[in-house]
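Novice:
Protein chains in written order, with this note's numbering: chain A, 1 to 401; chain B, 1001 to 1570.
1. Measuring CB to CB, does residue 1353 (chain B) end up less than 8 Å from residue 1330 (chain B)?
2. Given that residue 1575 (chain B) touches chain A, what residues does it touch there, using C-beta distances under 8 Å?
3. Within 10 Å of its beta-carbon, does residue 327 (chain A) have 16 or more other beta-carbons around it, so buried, or fewer, so exposed?
4. Name the two residues that bound the continuous beta strand (DSSP E) containing residue 73 (chain A).
5. CB-CB under 6 Å to residue 72 (chain A), same chain, minus the five flanking residues each way: which ones, in chain order?
6. Can you check DSSP and say which residues form a bridge with residue 95 (chain A)?
7. If you draw a straight line from the C-alpha of residue 1518 (chain B) to the C-alpha of residue 1380 (chain B), how long is it?
8. Can you tell me where the alpha helix (DSSP H) with residue 1021 (chain B) in it begins and where it stops?
9. Which whole-angstrom value describes the C-beta separation of residue 278 (chain A) and residue 304 (chain A), a residue pair presumed to lie in contact below a C-beta threshold of 8 Å?
10. Beta-carbon within less than 7 Å of residue 1395 (chain B)'s beta-carbon, same chain only, minus the 5 sequence neighbours each way: which residues are those?
11. Does the count of Cβ pairs from the region 1142-1154 of chain B and the region 1197-1214 of chain B closer than 8 Å reach three?
12. At a CB distance below 7 Å, what residues from the region 260-276 of chain A approach chain B? Give them in sequence order.
13. Using the DSSP secondary-structure output, state which residues sit across from residue 198 (chain A) in a beta bridge.
14. Taking the alpha carbon of residue 1433 (chain B) as the reference point, which residue from B:1157, B:1192, B:1250 and B:1283 has its own alpha carbon closest?
15. Given a threshold of 16 other Cβ atoms within 10 Å of its Cβ, counted over all protein chains shown, does residue 250 (chain A) qualify as buried or as exposed?
16. Is it the case that the Cβ atoms of residue 131 (chain A) and residue 67 (chain A) are separated by a distance below 8 Å?
17. Considering only residues of the same chain and omitting the five flanking positions on each side of residue 1393 (chain B), which have a CB-CB separation below 6 Å?
18. Alpha carbon to alpha carbon, what distance is there between residue 138 (chain A) and residue 1302 (chain B)?
19. Taking the C-alpha atoms as reference points, what is the distance between residue 1264 (chain B) and residue 1170 (chain B)?
20. Compare the beta carbon distance of residue 1015 (chain B) and residue 1062 (chain B) with 8 Å and say whether it is the shorter of the two.
21. Let me confirm a value: residue 1013 (chain B) is counted as buried when at least 16 other C-beta atoms fall within 10 Å, else exposed. Which label applies?
22. Identify the continuous alpha helix (DSSP H) that holds residue 1043 (chain B) and give its terminal residues.
23. Taking buried to mean at least 16 other C-beta atoms within 10 Å of its own C-beta, is residue 1294 (chain B) buried or exposed?
24. What residue range does the beta strand (DSSP E) around residue 1324 (chain B) cover?
25. Can at least three beta-carbon pairs, one atom from the region 1031-1041 of chain B and one from the region 1543-1553 of chain B, be found at a separation below 8 Å?
26. Quick one: list the residues of chain B neighbouring residue 99 (chain A), beta-carbon separation under 7 Å, in chain order.
27. Name, going along the chain, the residues of the region 1023-1042 of chain B whose beta-carbon falls closer than 8 Å to a beta-carbon of chain A.
28. Within 8 Å of any Cβ in chain A, is that where the Cβ of residue 1164 (chain B) sits?
29. Return the first residue and the last residue of the beta strand (DSSP E) that residue 1471 (chain B) is part of.
30. Excluding the 5 residues flanking residue 378 (chain A) on each side, which residues of the same chain have their C-beta closer than 6 Å to its C-beta?
31. Give me the residue from B:1054, B:1071, B:1083 and B:1057 with the minimum Cα distance to residue 1484 (chain B).
32. Name the residues in the region 189-211 of chain A whose C-beta lies less than 9 Å from a C-beta of chain B; which are they?
33. Starting from residue 1106 (chain B), trace the beta strand (DSSP E) both ways and give me its first and last residue.
34. Under three-state DSSP, which class holds residue 235 (chain A)?
35. Across the region 1203-1220 of chain B and the region 1098-1106 of chain B, are there enough close Cβ pairs to call them in contact, namely three or more that are closer than 8 Å?
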């Protein structure tokens, strides 16, 4: 007889059709449902209902790989409120492989992965948290005796789509920061033949992750993405343009030092290093943890964690960004990203501003160069402050706006 | 004698990538190797950075115990720069860290550890009415009704009936080592689901003070969340009321659900009080200072060392006794077999293991990314059991009362604590006490605000111009998983050296130059059964009793099928 492994059940067919294909008659199937009723301790009157439910119901398979990471993204998703993690796991998805929650370990766990890949080939959604270390032939993250890279490549083959969840899967995050000792890269550096959605953030907000999953499951396609592969519904706006403290910024009301009078009045955190003006993130709209608060709302400057290379480009965290007044809400991540790449950051004042922009841009360039070369960037971790001469050479102000 | 070689990789329901290898003889484990199979190099990334940024980098070591590295880092930098944080900031850090303990320990019990003891499939044949009667006999928790248990059971039946078992696929259901009656299994499954909802609520305390969870924000010199009762964007009465509500709900769940479940389940597994003891040396750096971490006498859970299971003596802890070895780890030291104090510590990864894919690591001299920390040359267990034993031996009134009551309820002698079951019970004991203590820290904060003190940040030494040219500092913190240390050296305003010795580094330590094994390895060979190498349920019980966090410190291996087949006759 054909087994579930040799003749996998695809999402396109009902259980009834599938069993027929495997040579199991309707009568055998109803008998099985009767046995199931007995196992479940329900009345035999429920058999037709069980049969009906089993013939039509099939939760979409999700395989979740955890590579080089801290598990913070998993913890974040566990905090999701709509739907809850219990609803997701029991009612919405079939979470067939997920290290943090799954009962099986070792061989049994690896079999669950292999079975899920076979049974749902071409159909399953692959969620990845963590980066892929490439140095030393990948031995910096090993799972079941295999490199993270080989597990990812093997599992991505049969995936319908890939969700790179969190900064590590997006671009490598903290371990990919200078000097990137393990040669960590994001998922889209490895998987180039499938759609990869980057859910940015260290970690991302749980509700953004679940909204992306629900979007995929409900509409049968991935949400629209920006140039960095981030879902537009969440990442199209700059924090600065959505920030409830924006009025304080416009009025020149700033926190000058933590816990000063301005801090106790809830003023703008720009002067103590807020990266909201350079960061595209849903934080001020979605808020965190059942919409309780968010980083700026709790008095700490944004550290820019939804942006690539933020550990190098947004640090030192408590240094103030250049003045970026004048970029309106109509500027999406794509437009601003392009303008940044052209060195045309709008409305930048010419003085201290140029230093910051130059530092950020030169560090970005170094990080990009390193990433594209697949080699760790030079060992100096923090770019030195630009000299006045460097500032002069840099056309930071184009006056576009 | 027939020796079976076992590989368990991945160990699931932990943080990170852990591989356990073992050898068994006649159903008992004779040798074990713990391998951490992930390295990220965050200590190297920290070099050259602004020390005020370090907490955020260090925090990303772990997203499960998501506040501990951040606070340890702040403490190390504050020690180096002689920064004294305001008492309010200390209270807020206690609340944030305390809630982390409570939430993390409950998640560990239900979502990481319970499935080692609870057979989900057996819950399907439970009688919900009988389950409600059992639950009512141990707890007043209002959701323990027959109706609710029936609803949960129906939900799980539907789930199992779908044929798609999801996270429960290939569990060791029906394994003879599962001992709970169906009704107790059903109670545990119901609370597994309730705990998922509960943890999402109570952790919002982090969001109020730190803006988000995981990875809330911290600040060298205090906390960034300013207090002003008359503003809407600061810590005000509405925020405080929300916090008080969370504390109440945290306490109620711990006292009425987690703790009664733990005691009830433990009652069916008393034989595990004689399994998995291990090295018998326990180290606690202590936690929860009244006003300042420098005042060690004010720690709610005391600092100290217990050696050789001797509860009549508590030795003082001095961080100068800490050294790390790399003779079994994939790192280079200039002098291979010496131990280095973290102030001299080096992190030079150098992989010398076999090419991937691996078959075995147990025949390798070096077999892990974990270094081997030793205290005065001894392997030490850290974590809830170490804290409870140090507190017990120090005469801590509340710990003694809880421990004594628990042992009485289980009809067990104090020696029963030195075990897999003791580790799991100790975690529950401290959760109950820390949950209660949240109210004290909350009241302290509110009373200080009432008295007009709203300071949350010490500004004097914020600017690097106020710092000495060279300085170094030590940040100690007792985290949910055990004693944590961060050591930082600051040179001209930049980090010159950063080293962490992490709870899981202690517990998942490999062999040292004298061949002394680490706590996991010792526990797995301490009267430890393994009935069926293909179903390493017993290994999971003991490893999970430590609550591993590999990104923080270690990696364990799991008995994988093909490898298990190899049997050597010696």
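No residue lacks a Cβ here, since even glycine has one placed at the ideal position from N, Cα and C.
Specialist: Straight from the coordinates:
1. Residue mapping note: residue 1353 (chain B) aligns to position 353 of the second chain, counting from 1. Residue mapping note: residue 1330 (chain B) aligns to position 330 of the second chain, counting from 1. Result yes, Cβ atoms of residue 1353 (chain B) and residue 1330 (chain B) sit closer than 8 Å.
2. With chain B running from 1001 to 1570 in the structure shown, residue 1575 (chain B) is simply not present.
3. Your numbering for residue 327 (chain A) matches position 327 in the first chain. With a pLDDT of 42 at residue 327 (chain A), under the threshold of 50, the predicted position of this residue should be treated as unreliable, though the coordinate-derived value follows. So residue 327 (chain A) ends up on the buried side.
4. Within the first chain, the letter at position 73 stands for residue 73 (chain A). Segment 72-78 is the alpha helix (DSSP H) holding residue 73 (chain A); no beta strand (DSSP E) there.
5. Position 72 of the first chain, counted from the first residue, corresponds to residue 72 (chain A). Same-chain partners within the cutoff: 203.
6. Counting from one through the first chain, the residue named residue 95 (chain A) turns up at place 95. Residue 95 (chain A) pairs with A:62.
7. What you label residue 1518 (chain B) is simply residue 518 of the second chain in a count that begins at 1. What you label residue 1380 (chain B) is simply residue 380 of the second chain in a count that begins at 1. If you take the alpha carbons of residue 1518 (chain B) and residue 1380 (chain B), they lie about 8 Å apart.
8. Here residue 1021 (chain B) refers to the residue found at position 21 when the second chain is read from its first residue. It is not in any alpha helix (DSSP H) - residue 1021 (chain B) instead sits in the beta strand (DSSP E) that spans 1018-1025.
9. Position 278 of the first chain, counted from the start, is the residue given in the question as residue 278 (chain A). Position 304 of the first chain, counted from the start, is the residue given in the question as residue 304 (chain A). Right, their Cβ atoms sit about 6 Å apart.
10. In the second chain, residue 1395 (chain B) corresponds to position 395, counting from 1. Closer than 7 Å at Cβ, skipping near neighbours: no residue.
11. no
12. 263, 264, 265 and 266
13. As a first step, residue 198 (chain A) is located in the first chain; it is residue number 198 there, counting from the start. DSSP, once it has assigned bridges, lists A:164 as partnering residue 198 (chain A).
14. Numbered from 1 along the second chain, position 433 holds the residue referred to as residue 1433 (chain B). The option with the nearest alpha carbon to residue 1433 (chain B) is B:1250.
15. The residue labelled residue 250 (chain A) in the question sits at position 250 within the first chain. Classification for residue 250 (chain A): exposed.
16. For this step, residue 131 (chain A) is matched to residue 131 along the first chain. For this step, residue 67 (chain A) is matched to residue 67 along the first chain. Contact: yes.
17. Position 393 of the second chain, counted from the start, is the residue given in the question as residue 1393 (chain B). Cβ within range, chain order: 1306, 1311 and 1314.
18. Locating residue 1302 (chain B) in the second chain gives position 302, where the first residue counts as 1. Locating residue 138 (chain A) in the first chain gives position 138, where the first residue counts as 1. Cα-Cα distance, rounded: 42 Å.
19. Along the second chain, read from residue 1 onward, the residue named residue 1264 (chain B) stands at position 264. Along the second chain, read from residue 1 onward, the residue named residue 1170 (chain B) stands at position 170. Cα-Cα distance, rounded: 26 Å.
20. Sequence index remark: in the second chain, residue 1015 (chain B) carries index 15 (1-based). Sequence index remark: in the second chain, residue 1062 (chain B) carries index 62 (1-based). Result yes, Cβ atoms of residue 1015 (chain B) and residue 1062 (chain B) sit closer than 8 Å.
21. Working through the second chain from its first residue, we reach residue 1013 (chain B) at position 13. It counts as buried.
22. Locating residue 1043 (chain B) in the second chain gives position 43, where the first residue counts as 1. Run containing residue 1043 (chain B): 1042-1046, per the alpha helix (DSSP H) assignment.
23. Residue numbering aside, residue 1294 (chain B) sits at position 294 when the second chain is read from its first letter. Burial call: exposed.
24. Numbered from its first residue, the second chain carries residue 1324 (chain B) at position 324. 1322-1325 is the span of the beta strand (DSSP E), which, as asked, contains residue 1324 (chain B).
25. yes
26. By 1-based counting over the first chain, the position of residue 99 (chain A) is 99. Within 7 Å Cβ-Cβ: 1010 and 1012.
27. 1037, 1038, 1039, 1040, 1041 and 1042
28. As a position in the second chain, residue 1164 (chain B) is number 164, starting the count at 1. Yes - at least one Cβ of chain A is within 8 Å of the one on residue 1164 (chain B).
29. Position 471 of the second chain, counted from the first residue, corresponds to residue 1471 (chain B). Looking at the DSSP string, the run of the beta strand (DSSP E) that includes residue 1471 (chain B) is 1470-1479.
30. Position 378 of the first chain, counting from 1, holds the residue named residue 378 (chain A). Only weak support exists for where residue 378 (chain A) lies, its pLDDT of 37 falling under 50; the coordinates are left without a value.
31. Along the second chain, one-based indexing puts residue 1484 (chain B) at 484. Minimum Cα distance to residue 1484 (chain B) is reached at B:1071.
32. 202, 203, 205 and 206
33. Translated into positions along the second chain, residue 1106 (chain B) becomes position 106. From DSSP, residue 1106 (chain B) is part of no beta strand (DSSP E) but of the alpha helix (DSSP H) over 1087-1107.
34. As a first step, residue 235 (chain A) is located in the first chain; it is residue number 235 there, counting from the start. In the structure shown, residue 235 (chain A) sits in a helix (DSSP, three-state: H, G or I).
35. yes
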